[in-house]
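Chemist: If you're matching positions, the sequence shown starts at 149 in our numbering and goes up one per residue.
This structure is in structure tokens; I'll ask about it shortly.
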Amino acid sequence: MNFSSLPFAAFFVVVFGAYWSLRGKTTRQGLLLLASYAFYMSWNPWLLTLIVGSTLLDFTVGRQLARAARLRWRRAWLIVSLVGNLGVLAIFKYADFFIGSFGALVGAAGFQANYSTLGLILPVGISFYTFQTLSYTIDIYRGRIEPEPSLLRFALFVAFFPQLVAGPIVKARAFLPQLQDDKRFDWKKFDSAMMLILIGLTKKVLIADNLAVTADSVFNNPGIFSTRDLWLGMLCYAGQIYGDFSGYSDMAIGFARLLGFDLCINFASPYLALSLTGFWRRWHISLSTWLRDYLYIPLGGSHGGRLQTARNLMITMLLGGLWHGASWTFVVWGAIHGAALVVHKCYLWMRDSIQSRPTHSRAAIGFLARGANIAACWAFTFLVVNIAWVFFRCQPQLDSYGMMEPTTVALERAVYIVTHLFVPATPAQPHWLMNKLPMVILLGLVAAFHLYEEWRRRGYPAIRLPALIAGPTYAAWLLIILIYCPEFGNPFIYFQF
């Protein structure tokens, strides 16, 4: 069930009504757990065994970590959690990738490679709830939280359906305390939640799904388009993935808020960042903070000199790229971000702050110099992010025979696009993208949402409508979305991760 589908709307209305009709924390939490399992089973019923197994594993490990007195036993139990969770993730998500890559390497070396892949179906959301449960056991090991005594509450933390399949990635120390409170319906929260859901629907259905038409045309067959259309296709994909993922996150936060829970903000005007460091403080914030807290800092962070910092950044971003999917194009995407972060973190020639004082004696000259520096930093960052998106988007496709093409073909397609962004493309039979004006308008809406998110990020109040105006406004807003949404919407991009 997609958040933007009618079945989910009916499902949520039933859950919402039943939840607020019941009394008692335990009864409500039991209902939410059953609803979460039903939601997850709607994708594939047998996948429930995986999430239940992960829940039981880390609930048990958490209790044993608290009981273990010796450090070696605590380390042993933590290793059990790491091996169990990452092992399942590796089998389902990466086994075929590494088997195929090894076979291709052996074949390239001139040897006969006879191998077969496992053909396993990737469980929806496995990367997200795996990181959530790992944060729980790691935090207990570090002494930051106590183990959760209730299996019901812990199971709900793992499977809470608003953020189960595509985040935000919720840490136990932020979510579990909320299960101790008696929830009371709040009209102010209801109003803000509805606003978030409508914003998320607008981003996903109105913006992302419409931009996807142009982006798919360009990325599926870039060789027939001119350089100008390649630029437009790249920008459309940048707008699509922002609208798709931030829209999902907005809806997830909104649906959780309707049930009385607060989830972390996951996006904050990322395309306004002035460096790659700033970008990762604004894009998929729950993942970037997870990678920082549980991978980058344990590796040594930025405390060991430039070479060590560069190594830690590259390892973190390469693994972050691989987290997104079993493809070398994701690894290249991570490598581009890692290299840009190394440049910013280690050599400090690009600055993130727009509040530094002018260094020139004349205020006017200083103001202009500062503005030029800001513009240059933004343009460089935005260009690097978009070039990286090209590799992120260029995934292996089915060929005319119904076979999946090699990853090298996808990489060649990405390299072709990036090259011809700067070297004029002259296809033998050129095609031109139609209906460019609507795409430009949609990209303008992406910019407008960035300005709104920046307004909120700086602490300014959210827009509030009087009750008598809010209802008709929301209804008209929803009607506009339904009118201008594509006939066939795309699934959420991050469901595949």
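Ideal placement from N, C-alpha and C gives every residue a C-beta, glycine not left out.
This structure is a prediction, so every number in the text was calculated from the model and none was measured.
Considering only the beta carbon of each residue, do V313 and F540 sit closer than 8 Å?
Modeler: no
Chemist: Report the rounded CA-to-CA distance for V163 versus G178, giving the unit in angstroms.
Modeler: 12 Å
Chemist: Roughly how far, in whole angstroms, is the beta-carbon of A421 from the beta-carbon of T350, given that I think they are within contact range, below 8 Å?
Modeler: Not really, about 22 Å apart at Cβ, beyond 8 Å.
Chemist: Quick one, which of I269, T281 and L327 has its alpha-carbon nearest L180's?
Modeler: L327
Chemist: How about L546: is its Cβ closer than 7 Å to a heavy atom in the ligand FAD?
Modeler: No copy of the ligand FAD appears in this structure; indeed no ligand is present at all.
Chemist: Just to confirm my understanding: we take A385, look at its own chain, exclude 5 residues before and 5 after, and list those with CB closer than 7 Å. What are they?
Modeler: Position check: residue 385 holds Tyr in this sequence, whereas Ala was assumed. A363, F367, W537 and R541, listed in sequence order.
Chemist: Am I right that I345 and F403 are in contact with their C-beta atoms under 8 Å? What's the rounded C-beta distance?
Modeler: Right, the Cβ-Cβ distance comes to about 7 Å (below 8 Å), so this counts as a contact.
Chemist: Buried or exposed: where does A595 fall if 16 or more other Cβ atoms within 10 Å of its Cβ makes it buried?
Modeler: exposed
Chemist: Between the Cα of T556 and those of I199, V480, I589 and W625, spot the shortest distance and give me the residue it belongs to.
Modeler: V480
Chemist: Please name the residue in L407, P586 and L546 whose C-alpha comes closest to that of S169.
Modeler: Of the listed residues, the one whose Cα sits closest to S169 is L407.
Chemist: Around the Cβ of V161, are there at least 16 other Cβ atoms within 10 angstroms (buried) or fewer (exposed)?
Modeler: exposed
Chemist: Count the other CB atoms within 10 Å of the CB of G172; is the residue buried (16 or more) or exposed (fewer)?
Modeler: exposed
Chemist: Using a C-beta cutoff of 8 Å, does Y396 count as contacting chain B?
Modeler: No chain B appears in this structure, which consists of one protein chain only.
Chemist: Cα separation between L230 and R222?
Modeler: 12 Å
Chemist: Go ahead and label F427 buried or exposed: buried means 16 or more other beta carbons lie within 10 angstroms of its beta carbon, across all protein chains shown.
Modeler: buried
Chemist: Distance, Cα to Cα, R218 vs L196?
Modeler: 35 Å
Chemist: T477 lies in the alpha helix (DSSP H); which residues open and close that run?
Modeler: W476 to V490
Chemist: Do I463 and L439 have their CB atoms nearer than 8 Å?
Modeler: no
Chemist: Quick check: what's the CA-CA separation for F159 versus L182?
Modeler: It is roughly 12 Å from the alpha-carbon of F159 to the alpha-carbon of L182.
Chemist: Just list the residues that DSSP pairs M552 with in beta bridges.
Modeler: L546
Chemist: Evaluate the contact criterion for the segment 331-338 versus the segment 206-218: three or more CB pairs, one atom per stretch, below 8 Å.
Modeler: no
Chemist: Excluding the 5 residues preceding and the 5 following N534 in the sequence, name in chain order all residues of the same chain whose CB lies nearer than 8 Å to its CB.
Modeler: M382, L383 and A386
Chemist: Taking Cβ positions, are A400 and Q280 nearer each other than 8 Å?
Modeler: no
Chemist: From I269 to I611, what distance separates their C-alpha atoms?
Modeler: Between I269 and I611, the C-alpha separation is close to 43 Å.
Chemist: What does the alpha-carbon distance come out to for the pair I413 and S283?
Modeler: 18 Å
Chemist: Near F240, which residues of its chain fall below 7 Å by C-beta distance, leaving aside the five closest residues on each side in sequence?
Modeler: Taken in chain order, the residues that qualify are L268, L270, P271 and I274.
Chemist: Measuring CB atoms only, is the segment 368-379 touching the segment 563-576, in the sense that at least three cross pairs come out at less than 8 Å?
Modeler: yes
Chemist: Cβ of F305 within 8 Å of Cβ of F276?
Modeler: no
Chemist: If I follow the unbroken alpha helix (DSSP H) through L352, where does it start and stop?
Modeler: First, the amino acid is wrong: residue 352 is Lys here, not Leu. Looking at the DSSP string, K352 is not in any alpha helix (DSSP H), and its letter there is neither H nor E.
Chemist: Which partner residues does F373 have in the DSSP bridge list?
Modeler: H579
Chemist: Using only the alpha-carbon positions, how far apart do L605 and M552 sit?
Modeler: The residue asked about is misnamed: residue 605 is Arg in this sequence, not Leu. Between R605 and M552, the C-alpha separation is close to 43 Å.
Chemist: Given a cut-off of 8 Å, decide if Y188 and R176 are closer than it, judged by their beta-carbon atoms.
Modeler: no
Chemist: Just how far apart, CA to CA, sit S501 and G607?
Modeler: For S501, the predicted model reports a pLDDT of 43, less than 50, meaning its position is unreliable; a value from the coordinates is still stated below. Spanning the alpha carbons of S501 and G607 requires a straight line of approximately 17 Å.
Chemist: Does the distance from the C-beta atom of N233 to that of P634 stay below 8 Å?
Modeler: No. Outside cutoff.
Chemist: Count the other CB atoms, across all protein chains shown, that sit within 10 Å of the CB of T174; report buried if there are 16 or more and exposed otherwise.
Modeler: T174 should be labelled exposed.
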